[in-house]
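> Protein chains in written order, with the working numbering: chain A, 72 to 496; chain B, 53 to 471; chain C, 2 to 529; chain D, 15 to 331.
Glycine included, each C-beta is placed from N, C-alpha and C at the ideal position.
Predicted, not measured: the structure shown is a model, and the values here were computed from it.
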Amino acid sequence: MSRVSTATVDDLTEATAPDRFWNRQRRLGAALVIIGLIAAVIFGSLAESATARFTISEDAEGAALSINGQFGAILFGIVTVAAGGALLAGVAKRWQTLLLCLGIVTFVFSFLCWQVAGKFLPLVDTLSGSLELALPLILGALAGVLCERSGVVNVAIEGQFLMGAFGAALVGTLATSVWAGLISAVVGGVIIASLLAVLAIRFLVDQVVVGIVLNLLALGITGFLYERLMQPDALKYNSPPRLPEWRIPGLADIPVIGPVLFETNLLVWLALILVVVIHLGLTRTRWGLRTRAVGEHPTAADTVGIRVRGLRYMNVLLGGVVAGAGGAYFTLVSTGAFNKNMTAGAGFIALAALIFGRWTPFGALGAALFFGFAQKLANYLSAVGSPVPNQFLNMLPYLATIIAVAGLVGRVRAPAADGVPYVKS
Amino acid sequence: MTTEAPPKKEEPKKEEESFLSLFVHNLWSANTVTVTFLSILLALVIGAVLIVVSDSEVLATFSYFTARPSDALTASWDLISRAYADLFKGAIFDPAAVSAWFNGTGDWQTALNPLSETLTYAAPLVFTGLSVALAFRGGLFNIGGQGQAVIGCVTAGVAGFAIGLPAGLHLVVALAAGLIGGALWGFVPGLLKARTGAHEVITTIMLNYTATLFLGWLILQNGVQDPDRTDAISKTIDSTAGLPALPAPLRVHFGIVLAVLVTAGVAWLVNRSSFGFELRAVGVNPPAAKTAGMSVGRTYIMLMVVAGGLAGLGGATQVLGTADRLTDQVAGNIGFDGLLVALLGRNKPWGTLFAAILYGGLRAGGNLMQVDVGISLELVTVLQALIVIFIAAPALVKAIFQLRDARTARLGASMAKGW
Amino acid sequence: MRRFQLSGKSSQRSRSQEIPLRLELRGITKRFGDLVANDHIDITVEPGEVHALLGENGAGKSTLMNQLYGLLQPDEGEILVDGEPKVFRSPRDAIAAGIGMVHQHFMLVPVFTVAENIALGAEEVRGGPLGWLDRRRNKRDVLETSKRYGLPVDPDALVENLPVGAQQRVEIVKALTRDVDLLILDEPTAVLTPQETDELLAVMRSLADTGKSIVFITHKLREVKAIADRITVIRRGRTVGVATPDTSEDELAALMVGRDVSLEVTKTPADPGREVLKVSGLIVDDDRGVRAVDNVDLVVRSGEVLGIAGVQGNGQTELVEAIMGLRPPRAGAITLEEKSLAGRTTKQVLRAGVGYVPEDRSLDGVVKDFTVAENLVLDLYDRAPFGNGFKLNPKAIDESARERVTQFDIRTSSPQSTVGTLSGGNQQKVVVAREMSRPLKLLVASQPTRGVDVGSIEFIHNQIIHERDVGTAVLVVSSELDEVVGLADRIAVMYRGRILAVVSPDMPREEIGLLMAGVVTPEAEDTE
Amino acid sequence: MVTDTGGIDDKSFNASAWAGLQAAKTQASGVDPKYVASTAEADYEPNLRGFVTQKCNFILSVGGLMGDATKNVAAQNSSQQFGIVDSAIEGATNVYPMQFATQEAAFLAGYLAAGYSKSGKVATFGGRKIPPVTIFMDGFADGVAQYNKAKGKDVKILGWDKAAQNGSFAEDFASPAKGKALASTFVAQGADVIMPVAGGTGLGAAEVAKGSSGKVSIIWVDQDGCKAAAQDCDVFLTTVVKNITDAVEKAVVAGATGQPLTATPGYLGTLENNGVSLAPYNQFDSKVDQTLKDEVEKLKADIVAGTIKVESPSAPA
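#1: Is it buried or exposed, VAL97 (chain B), if we count other Cβ atoms within 10 angstroms and call 16 or more buried?
#2: Roughly how many angstroms separate the alpha carbons of THR248 (chain B) and GLY478 (chain A), rounded to a whole number?
#3: Starting from the beta carbon of GLY209 (chain B), find every residue of chain D whose beta carbon is closer than 8 Å, and list them in chain order.
#4: In chain order, which beta strand (DSSP E) runs of at least 3 residues are fully inside the region 224 to 270 of chain D?
#5: Within the 7 Å Cβ cut-off, does PRO492 (chain A) reach chain C?
#6: With distances taken from CA atoms, which of D:ALA38, D:THR17 and D:ALA120 is nearest TRP234 (chain D)?
#7: What ranges does the beta strand (DSSP E) occupy inside the region 433 to 457 of chain C, keeping only unbroken runs of at least 3 residues that lie completely in it?
#8: Apart from the five residues on each side of it in sequence, which residues of its chain come closer than 6 Å, Cβ to Cβ, to THR450 (chain C)?
#9: I think LEU265 (chain B) touches ASN465 (chain A), with their Cβ atoms under 8 Å apart; what is that distance to the nearest whole Å?
#10: How many Å lie between VAL104 (chain A) and PRO164 (chain C) at the Cα?
#11: Please list the segments of the alpha helix (DSSP H) lying wholly inside the region 104 to 184 of chain B, counting only runs of 4 or more residues, in order along the chain.
#12: Could you check the C-alpha separation between ILE322 (chain D) and LYS287 (chain B) for me, to the nearest Å?
#13: By Cβ distance, which residues of its chain are closer than 6 Å to THR162 (chain B), with the 5 residues on each side in sequence left out?
#14: Can you pull the chain D residues whose beta carbon is under 7 Å from the beta carbon of TYR451 (chain A), in chain order?
#15: So with CB distances below 8 Å, who are the chain D contacts of ALA284 (chain B)?
#16: Quick one: is GLU203 (chain A) near chain C, going by C-beta distance under 7 Å?
#17: Along the region 362 to 387 of chain A, where does the CB come closer than 8 Å to a CB of chain C? Name the residues.
#18: Could one say the Cβ of LEU431 (chain B) lies closer than 7 Å to chain A's Cβ atoms, at least one of them?
#19: List the endpoints of the continuous beta strand (DSSP E) containing ILE171 (chain D).
#20: Give a yes or no on whether the minimum CB-CB distance between THR356 (chain A) and chain C is below 7 Å.
#21: Under three-state DSSP, which class holds LEU192 (chain B)?
#22: Using beta carbons (cut-off 7 Å, strictly below), is LEU193 (chain C) in contact with chain A?
#23: To which residues of the same chain is VAL206 (chain B) closer than 7 Å at the C-beta, ignoring the five residues directly before and after it?
#24: Can you find the residues in the same chain that come closer than 6 Å, C-beta to C-beta, to THR148 (chain D), ignoring five residues on each side of it along the sequence?
#25: For PRO506 (chain C), name the three-state secondary structure that DSSP assigns.
#26: Going along chain C, which residues have a C-beta under 7 Å from PRO339 (chain B)?
#27: Rounded to the nearest angstrom, what separates LEU20 (chain A) and LEU403 (chain A) at their Cα positions?
#28: Taking Cβ positions only, does GLY196 (chain B) come closer than 7 Å to chain A?
#29: When you compare only the Cα positions, how much space is there between GLN96 (chain A) and ALA332 (chain C)?
#30: So if I threshold CB-CB distances at 9 Å, which residues from the region 65 to 84 of chain D count as touching chain B?
#31: 7 Å is my cut-off, CB to CB: does GLU252 (chain C) come that close to chain A?
#32: Would you identify the three-state DSSP class for ALA29 (chain D), choosing helix, strand or coil?
#33: Tell me the residue span of the beta strand (DSSP E) that contains GLU79 (chain C).
#34: Identify, in the order they occur along the chain, each residue of the same chain with its Cβ nearer than 8 Å to the Cβ of VAL37 (chain C), setting aside the five sequence neighbours on each side.
#35: For GLU224 (chain B) and GLY425 (chain C), what's the separation of their Cα atoms in angstroms?
#36: Please state whether DSSP places TRP269 (chain B) in a helix, a strand or coil.
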């Protein structure tokens, strides 16, 4: 008896930490040092020695943060090197993430100083543009979180977007109500989600395959109906009302953040609230505990009486709701009309954001914002005439994803049962 | 002494049954052929419904359906039969053109044109389909066929106009360039998968976009862009680098022959080569392959290189066979279509070849359908997607048609393994 | 322990006359395709009874219990609880009826804490429909149950960081917090040291004394005799007898297997020769970067079997993987006949004359979708005569497969059948046949008979001894102490990544058991 | 009619040409218009041939990208009548070319924009870098330069550098989101008149203008914006009209009624024959100075008279 209790005490002791020299921290540190040097030397030498202005207002006027472009490029590059050096030297664990973020952010600043030298970058416009471009990605990635935390891989986000966008345009126009449009967007997302659910959960089809094919199906159906219905008579079928922009008095007057966050449309708030709600839901509620259990170890969940397939169905459909709302962005917020293949791969970027964000709502938010920022920046820089061809600027988000998936965020761990259909033996 | 099933004694006996009865019995069981056939049928039925509900004229006849149902039914039937007849005529042959050829009023080119079109569309799809299928057999989901094909287009195209070589040799060099370009583009995700475990679905999707953007940049550069044009289009490839083709207007070219040869090669590779053994082992059970001494990482890299090379060859076929010059749309959708072709062909080389020809036919027929009855090509996309859904979910087809269980075929392309 | 048994039995006998039966299974039949897994099985479990279900691997015990627990539905037959027929469509129904189960493969979510795992499915919540988790109450419930039944668990620990013994306690606590009246334990002792096993048996007995019924599934005769009130023996899906603990081990074994079996491995004394495998100062980390093998030294000589005993999860897996080149060691040396294996790939290790039977057959041992013939050349496909590194030689592969199938008594309809259609024992024979059909210097066999029927166990054990007798060095790793004792000429006991002692198989089981629990006695240290 | 890869709904030349066919249908009873959208360059030839096999009387290709394909097919089927928009095919007698001196109208728009701009910055961007797009941008740039020369001002043009033939492109004719991003960037740079030459992508620019509460205005292209995108009429300063619709309509009606279509000289839309023009100011009529209006009229007359020549590398020869 006593011996067993001894063993129990042993059980609780901490596992020994690895002490290999080139651990992840040092590798990241080395990488930061290298890119920091590149920034300081190359960006620094290419940059004009002219003032780079980061304006607080929406345009060139008004207050601005200014720095000499060349000086800034070199300065921030050196900070990146320093952050990398600190990681290389070995610091306490809690500083690691902070230093990594600092290194990446200063690298971006260095790049910006080079690009903006002699010009200016409007911060409010950049931020609100980033947020708007990130909006569908946030919603799409959240849909992915809902599905994948319960163990169903969702590659069909793109298809859900398209159906959502199409439904919003069609019904929004017919009913001349933006709210009816929003609801039909949700319905559109749920239609694809339910196909995904049935095929993946009931018929056990490979989930990545289903996702890809459903994207194609959505593309085909919306494209077909668009050509047959909307195109001949756009006024009747394809001119939905737009989601109004609302301004919260007071809060909207806060500099920079105010106009970005509090003078915008409902969908932005919805997305941000959903991030918090889904995060709390997953970590703090019965539903979340069960969802995570089903995604990690469905058999274990089954043996304690949880309906694995039922919960998966529910989560996939909820995902459809969220992704469908994301689809509404394209027609009700962004453009005001449906167009063939108008989502243009946003669903896949959302998928990348989901993985980049390690299957967590806040991670997904961060990744989506990053993609939004990269896209906005590419747009802005190509418009102000960057020396870098805009095709290369547009590659940024994709290359960043590859780098992120390949190592920057470490080996990401998907929910253990993600993509594995649950079959009772 | 154990619970193992007693060895089945029935099997030899069954062989003694007449072939015919066996055939009839199997016909309505859920074997591969039946399921494939029924999947296509189901897709066509759903497609027909879509055609009808989206046609305002036909739909109008339904408004008085109860009064005169025959109107609605005739109108629907006319529309559907005309659309599908076009699909057939555009893909295989048009009886009118063939009879015109026989009685001397038409020419053989017109009669053979549908088949030529089908094979022309099929040729690059065979390569991209094989690329996906091969990767699939090794447990990798190569969504990057598109990007690899784009790079294949680029390298083959550039080799086609930038270097001067005698005919024949130039073609070989250009094809090789396409192959190598695609292989390089496949190497990256393979390496990342092997070294860091980065999921190939994500990396290949990202590389697709990157490849397309790169192409968009490249064709505007001096030396690549057609000097007589200001828009995004490259110089034309030298005639020495073009794939030999039948006389115009027939477009079918040597690419389809090459495709058949490559299919045979891939079939041999999968089933008869050491590398094929490795990739199949790694595909179904990586830990066991590793335990048996195979290098899973090396296999992944090799696999992606070969898959990328195949897709690159598909891109090369596109440029050297039909397109003749680079534009930003030059690769069309051959990479993504290859994905469906592979799924439809159940990831088997010969299956992929036939699936590619079927898709080529749908494409060629779809063009005529669009020209003649104005039904857009998107319908073909819908049909393609539906066919693959049904093929991938044989249980669904089984349930719809109440098929009996197949005795042998293990259905369900269950490759499910998640991230 | 005896005292418990007697008192338990007497009290229950008297009660059974008045109150209805707790559980009755009548004519339960379950088929999987052509295979009849359960064939009209009848079992009655009375309140307060420890009912052992004895049978060898694949006899259908787990299938039966999965039906009782609602994971599977019987094709025929009925389940009666307190005399009333019940249909269990899912574990939910079984739990509602007061049935709990501790599964052979633990049903715990590794990334959850102990408290979360225990709460799962029976969460304490606030906030009504919102279902806000009440973590404090969940934790309190865990601690209460833990205390009441004397099963210490830490509610905040992550399950994946716990050793298997502790995980099993969590499983039992999980079942007990649900107020079960009948607890099914499926092969619970497989992962425990002998001492922990005794501990568990005592817990089972005390639970039975409080009136709960226990169904205890096992194939270990010793444990059955120690704890059971009644024993039902199942063979090939049928009930072949009901016995009492008084039945002799030999009788039970004969019932279980259907013929007389020799439980002992017969072998001649070893004749150890030169040092073949030498491991020194080996340090290996596991997947999470935690040290799994901690400064291990060991030597295996030609013509001897070195057994590694130890509870699963004490570093044996990582040790073997490091030897095989499957896992890079952090430090230390591994040499095969003086030649270093450090930095060699698995292929090179295999080619150097090492045979390897991996512990997880279905994951690492065979490729189930491959044919028997293909599996038999899984590590030789690129060598003559089976291939030349570029192409395969199907004829040679097929011919060799036919030979092996006969030689190793692999029961298959054809070498072209896929391995997945074979029974566990025959799959294992495929692995053994593959590894032993080339000249070996060293054979590494990990859990060589896990999940294998008795007939195949005998065969495999004989093959291992045969390999030793032709002069191969053999390293056997097993968590079945009986197997290690039976096979090994020397036994190294592994605990928390260290070799605590190397002892003789003649050492008393209890002593080895103590070592497996990490207790180093003076005698053991002497033998080192 | 065969569209290029932009598809029938590009809100640009494909759409205009299709509208022309539709209009022809109402004019001449025998016309039954059909179209096929190409999804890749490789489709041009088979699509054209599809119509040949269908024995269509008049086969219209849209876009310079289809020049080669049209040339081949037309050469093989010399008995059928073809037409092509935005391109001319040398030596082909059965292809009726319809081209437009768009730079002339865009020149006026450039002058107008420069005169109307309060910030001294105007902008333009394109859908893709193809001649039918850049010709607008060239004319626009020259118009701005003309204004600067005439007034001694320094109105800047963003998004296009005529000398370098380089500028901002959305790489998309159907993505208002991209148009919006580009336009808001230009606005942030201070531009207050924007001319998007990008079909549906340009709607995003209109979006930005709408959100600017009157500060920013848009010059639309192809078809009068107040008709093509009526919902945004309140931000359209004017439109550089390229009257493909009328040209196509006339050609088709002519073909249908048996009048010959001669390949040379074909059709060239200019300010003179109203093939290209500046649309009415619509809701901006009261906001534009009369003097500026007069100057624009004067310029138009000068161009028609040939005293001012507007050149562009993309202009039809």
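So, from the data block:
#1: Taking the first residue of the second sequence as 1, we reach residue 97 (chain B) at position 45. Result: exposed.
#2: Here residue 248 (chain B) corresponds to residue number 196 of the second sequence, with the count starting at 1. Here residue 478 (chain A) corresponds to residue number 407 of the first sequence, with the count starting at 1. The alpha-carbon atoms of THR248 (chain B) and GLY478 (chain A) are separated by roughly 7 Å.
#3: Numbered from 1 along the second sequence, position 157 holds the residue referred to as residue 209 (chain B). Here the premise fails: no neighbours, minimum Cβ distance about 12 Å.
#4: Counting whole runs of 3 or more residues, the region 224 to 270 of chain D contains the beta strand (DSSP E) stretches 231 to 236 and 250 to 256.
#5: Here residue 492 (chain A) refers to the residue found at position 421 of the first sequence. Cβ-Cβ to chain C under 7 Å: no for PRO492 (chain A).
#6: What you label residue 234 (chain D) is simply residue 220 of the fourth sequence in a count that begins at 1. The alpha carbon of TRP234 (chain D) has as its nearest neighbour, out of D:ALA38, D:THR17 and D:ALA120, the alpha carbon of D:ALA120.
#7: Those beta strand (DSSP E) runs which fall completely within the region 433 to 457 of chain C and span 3+ residues are 443 to 447.
#8: Locating residue 450 (chain C) in the third sequence gives position 449, counting from the first residue. Same-chain partners within the cutoff: ILE458 and ILE461.
#9: Taking the second sequence and counting its residues from 1, one reaches residue 265 (chain B) at position 213. Taking the first sequence and counting its residues from 1, one reaches residue 465 (chain A) at position 394. Right, their Cβ atoms sit about 5 Å apart.
#10: As a first step, residue 104 (chain A) must be located in the first sequence, where it is residue number 33. As a first step, residue 164 (chain C) must be located in the third sequence, where it is residue number 163. Each residue's Cα considered, the two are about 41 Å apart.
#11: The region 104 to 184 of chain B contains, as complete alpha helix (DSSP H) runs of 4+ residues, the segments 108 to 115, 121 to 143 and 147 to 154 (chain order).
#12: As a working note, residue 322 (chain D) is residue 308 in the fourth sequence. As a working note, residue 287 (chain B) is residue 235 in the second sequence. If you draw a straight line from the Cα of ILE322 (chain D) to the Cα of LYS287 (chain B), it comes to about 35 Å.
#13: Taking the first residue of the second sequence as position 1, residue 162 (chain B) is located at position 110. Closer than 6 Å at Cβ, skipping near neighbours: ALA149.
#14: Against the first sequence, residue 451 (chain A) aligns to sequence position 380. Think of a sphere of 7 Å around the beta carbon of TYR451 (chain A): the chain D residues whose beta carbon falls inside it are THR199, in chain order.
#15: For the purposes of this step, residue 284 (chain B) is identified with residue 232 of the second sequence, where counting begins at 1. Going along chain D in sequence order, the residues near ALA284 (chain B) (Cβ under 8 Å) are ARG142, LYS143 and ILE144.
#16: Along the first sequence, one-based indexing puts residue 203 (chain A) at 132. Chain C contact via Cβ: absent.
#17: Within the region 362 to 387 of chain A, contact with chain C at the beta-carbon level (separation under 8 Å) is assigned to ARG363, ALA364, GLU367, HIS368, THR370, ALA371, ALA372, ASP373, THR374, VAL375, GLY376, ILE377 and ARG378.
#18: Here the question's residue 431 (chain B) lines up with position 379 in the second sequence. By this cut-off, LEU431 (chain B) is an interface position.
#19: Here residue 171 (chain D) refers to the residue found at position 157 when the fourth sequence is read from its first residue. It spans 170 to 172 - the beta strand (DSSP E) in which ILE171 (chain D) sits, taken as one unbroken run.
#20: Counting from 1 along the first sequence, the entry for residue 356 (chain A) is found at position 285. For THR356 (chain A), the answer is yes, since a Cβ of chain C falls inside 7 Å of its Cβ.
#21: Residue numbering aside, residue 192 (chain B) sits at position 140 when the second sequence is read from its first letter. In the structure shown, LEU192 (chain B) sits in coil (DSSP, three-state: anything other than H, G, I, E or B).
#22: Sequence index remark: in the third sequence, residue 193 (chain C) carries index 192 (1-based). Residue contact with chain A for LEU193 (chain C): absent (no Cβ-Cβ distance below 7 Å to any residue of chain A).
#23: Residue mapping note: residue 206 (chain B) aligns to position 154 of the second sequence, counting from 1. Correct list, in chain order: GLY233, LEU267, LEU270 and LEU378.
#24: Here the question's residue 148 (chain D) lines up with position 134 in the fourth sequence. Excluding residues within five positions, the ones whose Cβ falls inside 6 Å are SER328.
#25: For the purposes of this step, residue 506 (chain C) is taken as the residue at position 505 of the third sequence. DSSP places PRO506 (chain C) in the coil class of the three-state scheme, outside both helix and strand.
#26: On the second sequence, position 287 is the one that residue 339 (chain B) refers to. Residues of chain C passing the Cβ test: LEU364 and ASP365.
#27: The displayed coordinates of chain A run from 72 to 496. Any statement about residue 20 (chain A) would go beyond what the structure contains.
#28: By 1-based counting over the second sequence, the position of residue 196 (chain B) is 144. No, GLY196 (chain B) does not count as interfacial toward chain A.
#29: One-based indexing of the first sequence puts residue 96 (chain A) at position 25. One-based indexing of the third sequence puts residue 332 (chain C) at position 331. GLN96 (chain A) and ALA332 (chain C) have their C-alpha atoms roughly 21 Å apart.
#30: Result list: PHE65, VAL66, THR67, GLN68, CYS70, GLY78, LEU79 and ASP82.
#31: In the third sequence, residue 252 (chain C) corresponds to position 251, counting from 1. Using beta-carbon distances, GLU252 (chain C) does not count as an interface residue toward chain A, since no partner is under 7 Å.
#32: For the purposes of this step, residue 29 (chain D) is identified with residue 15 of the fourth sequence, where counting begins at 1. Note: ALA29 (chain D) maps to helix in three-state DSSP.
#33: Stepping through the third sequence from its first residue, residue 79 (chain C) is reached at position 78. Looking at the DSSP string, the run of the beta strand (DSSP E) that includes GLU79 (chain C) is 77 to 82.
#34: Numbered from 1 along the third sequence, position 36 holds the residue referred to as residue 37 (chain C). Taking C-beta separations shorter than 8 Å and ignoring five residues to either side along the sequence, the partners of VAL37 (chain C) in its chain run THR30, LYS31 and GLY238, following chain order.
#35: Mapped onto the second sequence, residue 224 (chain B) falls at position 172. Mapped onto the third sequence, residue 425 (chain C) falls at position 424. The sequence shown places Val at residue 224 (chain B), rather than the Glu named in the question. Rounded to whole angstroms, the gap between the alpha carbons of VAL224 (chain B) and GLY425 (chain C) is 52 Å.
#36: Within the second sequence, numbered from 1, the residue matching residue 269 (chain B) stands at position 217. In this structure, DSSP gives TRP269 (chain B) a helical state, which the three-state scheme calls helix.
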